[in-house]
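Worksheet for the structure shown next.
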Amino acid sequence: MSRTTSKQIATAPVTAPDPASVMTIEEQARRYRALVKSHRQLEARLREEQRLAEWWKERVGALDKRCRDVNSELRVALDQKRALMKTVRFLKSEVGHLWRCRLVEANQIKDTSADLDAFLQSAEKELGVAKASWALDKWRGEEDEDPDRQLTSLKGTEEAQTDSRAKDPAIKALIQTLWSVQSEDSIISEKSSVCECDSSRTLKALFPRSDEKARAIEEEQPDPLTEMLLRRRSRKGQSGNGTAEEMRVTTPISVDQAPTIPTAVRTPVNPSNIQKSTRGSASRQLGASPVTASPATTSSITASPPVTDSPITPFVEAQTPEALSKARKEHKQALRMKLKATREKVEGIRRENGVLEGLLIADRTDGTRG
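Counting in the working numbering, the sequence shown runs from 1082 upward without gaps.
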């Protein structure tokens, strides 16, 4: 590149400027103002872009923090879900087991309830209304004792049966002694309780007087049979049939109290009747009934060891037709209530089985989907 010297510049010809390329001062000033304005606009856009960049940076940081929080919450929720699924599986297994047990029980009740009406009808026809409930209990296996024997042994246990078997020889000897006394026209009165003869000692040994505490406890406890007999007596008294002596009902008591048996219902006494029945006082029965004497001696009586709580048969006279009809209606009503309760139980179990079947179907549907 050649260097231009001052001499060359001085000697160079001067050319005139092109009039088209020469701008006026106004045009230059206008262009300058336009450039300044565009520069300011670009600076404003730059500042706006920087502000938006800062905002987006803060927004991204907040979203990132939120994502980290959501991830931690999701981990906790997944742990809880696993625990809940484990509990649900356990509960489903328990519900399935319960459903199977209830289904078996419902099938058994369904099989038994189908024959319940027919059995009650046959029991009422064959055994009578008074024995229908006992037959139903015996059919279920809850009762093994005949209703006629329930009146004579309200507290029958193995010990009482053993004691009654042990008393049989002494009772037979006592019966023979009493018949011997009857043959001699000797009536045992109430004063015989203080007589120290063999029969009195045997009576005291067989039927000892219980202490006051035990007797008070027995009096405090309500007796269902006594209440039933008292209700029947009140119904008979309201009906106005029979005398006060015929409507009297004796409750289970000991021989020491010696209740008086109504004359209207007394029957001829013989040794077998005395041995089978223990109600009332044997001395009063023998004193009021003329019978043939059988030879026996008082020396044949042997005292047996004391026996406590010997059941005494309550005395119940013949019922009127109105009382029997009312008792029959009450018994039928009780049977109907028992049947209704059984049916309600069956219906409740069926409803529960429906709910359990729905749960099992839902469980199977979830299993097939999974």
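All C-beta atoms, glycine included, are put in the ideal place defined by N, C-alpha and C.
**Study point:** Whole-Å CB distance - Arg1316 paired with Lys1407, under 8 angstroms assumed
**Key:** 7 angstroms between Cβ atoms; contact.
Exercise for review: Take the Cβ of Leu1155 as the centre, count every other Cβ of all protein chains shown within 10 Å, and call the residue buried at 16 or more, exposed below.
Suggested key: So Leu1155 ends up on the exposed side.
Check your understanding: Under a Cβ-count criterion, where at least 16 other Cβ atoms within 10 Å of its own Cβ denotes burial, should Arg1163 be classed as buried or exposed?
Key -> Exposed, since its Cβ has fewer than 16 Cβ neighbours within 10 Å.
Review point. How big is the Cα-Cα spacing for Leu1184 and Arg1314?
Key: Using only the alpha carbons, I get a separation of about 48 angstroms.
Point to revise | Cβ contact (3+ pairs, closer than 8 angstroms) linking the stretch 1167-1181 and the stretch 1434-1446 | key: Contact check between the stretch 1167-1181 and the stretch 1434-1446: three or more CB pairs, one atom from each, fall below 8 angstroms, which counts as touching.
**Study point:** Best match in Leu1437, Thr1446, Thr1449, Gly1142 for proximity to Glu1175 [C-alpha to C-alpha]
**Key:** Leu1437 is the residue among Leu1437, Thr1446, Thr1449, Gly1142 whose C-alpha sits nearest the C-alpha of Glu1175.
Check your understanding: Helix or strand or just coil, what does DSSP make of Thr1401?
Key -> If DSSP states are grouped into helix, strand and coil, Thr1401 belongs with coil.
Review point. What separation, rounded to the nearest whole angstrom, lies between the Cα atoms of Ala1115 and Trp1137?
Key: Straight-line Cα distance between these residues: approximately 33 angstroms.
Check your understanding: Pro1395 to Leu1310, Cα distance in whole Å?
Key -> A caution first: Pro1395 carries a pLDDT of 43, below 50, which makes its placement in the model too unreliable to give a value.
**Study point:** Inter-residue Cα distance where the pair is Glu1308 and Glu1411
**Key:** Roughly 15 angstroms between the two C-alpha positions.
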